[in-house]
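Only one structure is covered here, and it is reproduced in the block below.
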Amino acid sequence: MNKLNKLFRNKQEDILSVYFTAGFPKLDDTKIIIRELENAGVDMIEIGMPFSDPLADGPTIQRSSEKALENGMSIKLLFEQLSDQSLVSIKASCLLMGYLNPVLQYGLEKFCKDAAWLGISGVIIPDLPLQEYVDEYKTIFEKYDLATIFLITPQTSEARIRFIDEHSNSFIYVVSSSSTTGATSSDEEKIAQEKYFKRIQSMQLKNPLLIGFGISDQQSFANACNYASGAIIGSAFIKELDHSIDLKKSISSFVNRIKNKP
Amino acid sequence: MSYQVNEKGYYGNFGGAFIPEMLYPNVEELREKYLDIMYEKSFQNELKGLLRDYVGRPSPLYYAERLSEHYNTKIYLKREDLNHTGAHKINNTLGQILLAKRLGKTRIIAETGAGQHGVATATVCALMGLTCIVYMGEVDMERQAPNVARMKLLGAKVIPATSGSRTLKDATNEAIRDWINNPVDTYYIIGSVVGPHPYPDMVARFQSVISEEIKKQLKEKTGNENPDYVIACVGGGSNAAGAFYHYLDNKDVKLIAAEAAGKGIESGHSAATSVLGKPGIIHGSKTLLMQTEDGQIIEPYSISAGLDYPGVGPQHAHLFESGRAQFGSITDEEALKAAYLLCKLEGIIPALESAHALAYLEKLNAKKEDVIVINLSGRGDKDLATYIKFNEQAQ
Ligand SMILES: Cc1ncc(COP(=O)(O)O)c(C=O)c1O
């Protein structure tokens, strides 16, 4: 059984998932960041594969991607960095997140095969359309036991949410507002957001939910956890890394702050 | 073989809608409704009326006698440069804004490279009284300053795209991000036959008025509605798509797409996608794309800001792959030469983009009796600074 499925079987609340862009701040930070997130007790790690044109991302992740590419990051290099298979034995589930074009150029089947071998449990590819996935790619991802995670937003219709639920096999990524990554919401938007979270919660979907986009601190994390199995933090963590002088210290104190541990 | 889009949004191997879920409701709404709305009688009446009275259509098909003599063949220029705002772009923005209104949208966004599409969008927004926001690469804002001023004068807000290479592709990214952040009231007017389905097909249909008119006008002038060649420049490919549209299924008409080779195919400063591109995904569409081995999108180069897009529309990728259209690469220098020649022989200053189509005449080896239609997509006012600079250097 996939590590990710085990996680959701054993834990239904306060799941913390943290995103970082591979190759940022420095090219070789990948393994240090993963190790420190693991030590800090993060449940899930999303490893971002940087892309030149990240359409769904706000300024923070855009800049980290630009920097990572300048540093020389690529899927090939990322996989080399992880080639000791250290991800297999860590407790946290690891996902790859990135855009479709670099994955296609790497070769989709080769990508799945290599990722699975490295110990990756699933992938999030925001610009892979659901129907295309179902028609063309699903069997390949399943062959390598890789979960594919799809997004829903406040604008997603109920019928489509049910369709996404049917084709998801780990969790559903609930985008907290109509926005790119890293946006913050006004009080008015927060009220609408709560209604939306409640609506999704009441749909009784077969897949667990994780809420992401705009989760930046203990409060927003705790609030999201009221409506879902957990939440995903991206831009706020990238900002932390950007300002860090000591990655190890920054990462553990960041995670502790989110979990509200002294 | 069909050269039109199929029900899944594909042209052969190219097309589709590779968009994040955040955009799905908007693009899906458009896909469901665009054909019904476009071909409604009241819509067609309003569009045709505005194309006639506001844009000045039909644009003339002009027999360029001295240019024909020069090349010893028969050359007709389709004068899209005489449209209001100076290019073919307004055929599309007018169509899309009428559609946006019928979808109940009140806020219009657009991307622009050279500024022609931005100006055409700002123009129709002023006409319809809708809010207009145009994204433009910081680099392009500098090199196309007069068009920035025009957009502002027309009431548009011009927002610099400061990410990535700060040119057209980044302006397009910013417009898409804006749409993600404003899904309810906003409509995105894309400027070429690019983006997720149904945009390429919709924009081609709005531009198809070009070949519809060519057929009629050529028949009146020569007795035959079919030329031997139609030549158009290709950035994203909208003017070419419009000029080719009604000839796609008629193999006797040879279709030629002129791409920007920049400083030369091998120079590392080029936008010749058919030669340098591989299948990939850009702005929601699978097409030919200039990219690194790792799948990162490469910033193209051309002297003409309207042609430096790292991809082409998916229909053009299909026309190229299937051999239905022939693609030729024109360098900066060849385009400049062709522009100066047209100025001298015909008293017409073409847009630098359109000059790429004209330059193909040098490579065509046309016969004396051949009939060639060149789509003169725009006028050269916006390029005066470039023309003056290189003219002085030449002298
Ligand atoms: C005059 C003119 N021609 C051609 C183009 C290229 O666009 P497309 O290939 O969509 O016609 C532009 C774009 O700005 C333009 O301004």
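Keeping their order, the protein sequence lines are chains P and V.
Mapped onto this note's numbering, the consecutive letters of the first sequence carry residue numbers 143 to 404.
Mapped onto this note's numbering, the consecutive letters of the second sequence carry residue numbers 40 to 434.
Think of the CB as a built atom: it goes at the ideal place given N, C-alpha and C, for glycine as much as any other residue.
What you are looking at is a predicted structure, and each value in this text was computed from that prediction instead of being measured.
Beta bridge counterpart(s) of Val-173 (chain V) as assigned by DSSP: As a first step, residue 173 (chain V) is located in the second sequence; it is residue number 134 there, counting from the start. Residue pairing of Val-173 (chain V) in beta bridges, as defined by DSSP: V:Ala-149 and V:Val-197.
Identity of the residue in V:Lys-302, V:Pro-99, V:Leu-106 and V:Gly-48 nearest Glu-401 (chain V) by Cα: Within the second sequence, residue 401 (chain V) is the residue found at index 362, counting from 1. That would be V:Leu-106, whose Cα lies nearest to the Cα of Glu-401 (chain V).
Within-8 angstroms CB hit, Phe-57 (chain V) to chain P: As a first step, residue 57 (chain V) is located in the second sequence; it is residue number 18 there, counting from the start. So, interface residue.
Cβ of Asp-333 (chain V) within 8 angstroms of any chain P Cβ: For this step, residue 333 (chain V) is matched to residue 294 along the second sequence. The beta carbon of Asp-333 (chain V) sits closer than 8 angstroms to some beta carbon of chain P.
Distance cut-off 7 angstroms: Cys-272 (chain V) Cβ against heavy atoms of ligand 1: Position 233 of the second sequence, counted from the start, is the residue given in the question as residue 272 (chain V). Between ligand 1 and the CB of Cys-272 (chain V), the shortest heavy atom gap is smaller than 7 angstroms.
Met-186 (chain P), enclosing beta strand (DSSP E) - first and last residue: The sequence position of residue 186 (chain P) within the first sequence is 44, counting from 1. Met-186 (chain P) -> beta strand (DSSP E) spans 186-191.
Heavy atom of ligand 1 within 7 angstroms of Gly-276 (chain V) beta-carbon: As a working mapping, residue 276 (chain V) is identified with position 237 in the second sequence. Yes.
Extent of the continuous alpha helix (DSSP H) to which Ala-243 (chain V) belongs: Here the question's residue 243 (chain V) lines up with position 204 in the second sequence. 238-246 is the extent of the alpha helix (DSSP H) around Ala-243 (chain V).
Complete beta strand (DSSP E) runs within the stretch 246-327 of chain V (minimum length 3 residues, chain order): As for any beta strand (DSSP E) of minimum length 3 sitting wholly inside the stretch 246-327 of chain V, the runs are 268-272, 293-301 and 317-321, ordered along the chain.
Alpha carbon of Gly-275 (chain V) to alpha carbon of Ser-313 (chain V), nearest angstrom: Reading the second sequence from its first residue, position 236 is the one you call residue 275 (chain V). Reading the second sequence from its first residue, position 274 is the one you call residue 313 (chain V). In this model, Gly-275 (chain V) and Ser-313 (chain V) are separated by some 12 angstroms (Cα to Cα).
First through last residue of the beta strand (DSSP E) which encompasses Leu-158 (chain P): Along the first sequence, one-based indexing puts residue 158 (chain P) at 16. From DSSP, the beta strand (DSSP E) with Leu-158 (chain P) extends over 157-163.
Neighbouring residues, chain V, relative to Val-317 (chain P) (Cβ below 7 angstroms): For the purposes of this step, residue 317 (chain P) is taken as residue 175 along the first sequence, with counting starting at 1. The contacting residues are Met-61.
The stretch 388-404 of chain P in contact with the stretch 162-179 of chain P per 3-pair CB rule at 8 angstroms: Three or more beta-carbon pairs separated by less than 8 angstroms link the stretch 388-404 of chain P to the stretch 162-179 of chain P, which places the two stretches in contact.
Runs of alpha helix (DSSP H) wholly within the stretch 283-360 of chain P (minimum 4 residues, chain order): Taking only runs of at least 4 residues, the alpha helix (DSSP H) segments lying wholly in the stretch 283-360 of chain P are 300-309 and 329-343.
First and last residue of the uninterrupted beta strand (DSSP E) at Arg-189 (chain V): For the purposes of this step, residue 189 (chain V) is identified with residue 150 of the second sequence, where counting begins at 1. No beta strand (DSSP E) holds Arg-189 (chain V); the alpha helix (DSSP H) holding it covers 184-192.
The stretch 114-134 of chain V contacting the stretch 244-263 of chain V, beta-carbon criterion three pairs below 8 angstroms: Cβ pair count under 8 angstroms is three or more, so yes.
Neighbourhood of Leu-220 (chain P) by C-beta, 6 angstroms cutoff - its chain only, sequence neighbours within 5 removed: Translated into the one-based positions of the first sequence, residue 220 (chain P) becomes position 78. The answer, listed in chain order, is Ala-164.
Proximity to Gly-240 (chain P) [Cα-Cα], best of P:Tyr-161, P:Ile-232 and P:Lys-255: As a position in the first sequence, residue 240 (chain P) is number 98, starting the count at 1. Closest option to Gly-240 (chain P), Cα to Cα, is P:Tyr-161.
Cβ-based burial, Gln-247 (chain P) [other Cβ within 10 Å; buried from 16]: In the first sequence, counting from the first residue as 1, residue 247 (chain P) sits at position 105. Buried is the call here.
Near ligand 1: Ser-416 (chain V) beta-carbon under 7 angstroms from a heavy atom: Taking the second sequence and counting its residues from 1, the one referred to as residue 416 (chain V) is at position 377. Relative to the non-hydrogen atoms of ligand 1, the Cβ of Ser-416 (chain V) comes within a distance shorter than 7 angstroms of at least one.
Chain V within 8 angstroms of Gln-335 (chain P), Cβ atoms only: Locating residue 335 (chain P) in the first sequence gives position 193, where the first residue counts as 1. At least 8 angstroms separates the CB of Gln-335 (chain P) from every CB of chain V.
Beta carbon proximity, Leu-238 (chain P) to chain V, threshold 8 angstroms: As a first step, residue 238 (chain P) must be located in the first sequence, where it is residue number 96. No, because no Cβ of chain V sits closer than 8 angstroms to the Cβ of Leu-238 (chain P).
Identified DSSP bridge partners for Lys-117 (chain V): Within the second sequence, residue 117 (chain V) is the residue found at index 78, counting from 1. Bridge pairing for Lys-117 (chain V): V:Leu-100 and V:Asn-414 [DSSP].
Lys-406 (chain V) and Thr-112 (chain V) closer than 8 angstroms at C-beta: The residue you call residue 406 (chain V) lines up with position 367 of the second sequence. The residue you call residue 112 (chain V) lines up with position 73 of the second sequence. Taking 8 angstroms as the Cβ cut-off, Lys-406 (chain V) and Thr-112 (chain V) qualify as a contacting pair.
Spatial distance of Leu-121 (chain V) from Asp-420 (chain V) (CA atoms): To locate residue 121 (chain V), count along the second sequence from 1; it is residue 82. To locate residue 420 (chain V), count along the second sequence from 1; it is residue 381. Their Cα atoms are separated by approximately 12 angstroms.
Where Leu-405 (chain P) meets chain V, residues with beta-carbon distance less than 8 angstroms: Any property of residue 405 (chain P) remains undetermined from this structure, which presents chain P solely from 143 to 404.
His-156 (chain V) Cβ short of 7 angstroms to ligand 1 heavy atom set: As a position in the second sequence, residue 156 (chain V) is number 117, starting the count at 1. Flag set: Cβ of His-156 (chain V) near ligand 1.
CB of Ile-147 (chain V) within 8 angstroms of CB of Leu-116 (chain V), strictly: One-based indexing of the second sequence puts residue 147 (chain V) at position 108. One-based indexing of the second sequence puts residue 116 (chain V) at position 77. Judged by their CB atoms, Ile-147 (chain V) and Leu-116 (chain V) are not nearer to each other than the 8 angstroms cut-off.
8 angstroms CB neighbourhood of Leu-193 (chain V) in its chain, flanking five on each side removed: Along the second sequence, one-based indexing puts residue 193 (chain V) at 154. Residues Val-158, Ala-161, Thr-162, Cys-164, Ala-165 and Cys-171 of the same chain have their beta carbon placed closer than 8 angstroms to that of Leu-193 (chain V), with the five preceding and five following residues left out of the count.
heavy atom of ligand 1 below 7 angstroms from Ala-210 (chain P) C-beta: As a working mapping, residue 210 (chain P) is identified with position 68 in the first sequence. For ligand 1, not one heavy atom lies less than 7 angstroms from the Cβ of Ala-210 (chain P).
Pick from V:Val-233, V:Phe-366, V:Tyr-399 and V:Pro-266 that is closest to Thr-326 (chain V), judged by C-alpha positions: In the second sequence, residue 326 (chain V) corresponds to position 287, counting from 1. Here the closest residue by C-alpha is V:Val-233.
Proximity to Gly-125 (chain V) [Cα-Cα], best of V:Asp-422, V:Ile-427 and V:Ala-311: Residue numbering aside, residue 125 (chain V) sits at position 86 when the second sequence is read from its first letter. Just measuring C-alpha positions, the residue of V:Asp-422, V:Ile-427 and V:Ala-311 sitting nearest Gly-125 (chain V) is V:Asp-422.
Check: Glu-298 (chain V) C-beta below 7 angstroms from any heavy atom of ligand 1: The residue labelled residue 298 (chain V) in the question sits at position 259 within the second sequence. Not so, every heavy atom of ligand 1 lies at least 7 angstroms from the Cβ.
For Thr-124 (chain V), three-class secondary structure by DSSP: The residue you call residue 124 (chain V) lines up with position 85 of the second sequence. Here Thr-124 (chain V) sits in coil by DSSP.
Selection of the stretch 196-228 of chain V by Cβ proximity to chain P, strictly under 7 angstroms: Within the stretch 196-228 of chain V, the residues whose Cβ lies closer than 7 angstroms to some Cβ of chain P are Ser-202, Gly-203, Lys-208, Asn-212, Ile-215, Arg-216, Ile-219, Asn-220 and Pro-222, listed in chain order.
Reduced DSSP secondary structure (H/G/I, E/B, other) of Met-239 (chain P): The residue labelled residue 239 (chain P) in the question sits at position 97 within the first sequence. In this structure, Met-239 (chain P) counts as strand in the three-state DSSP scheme.
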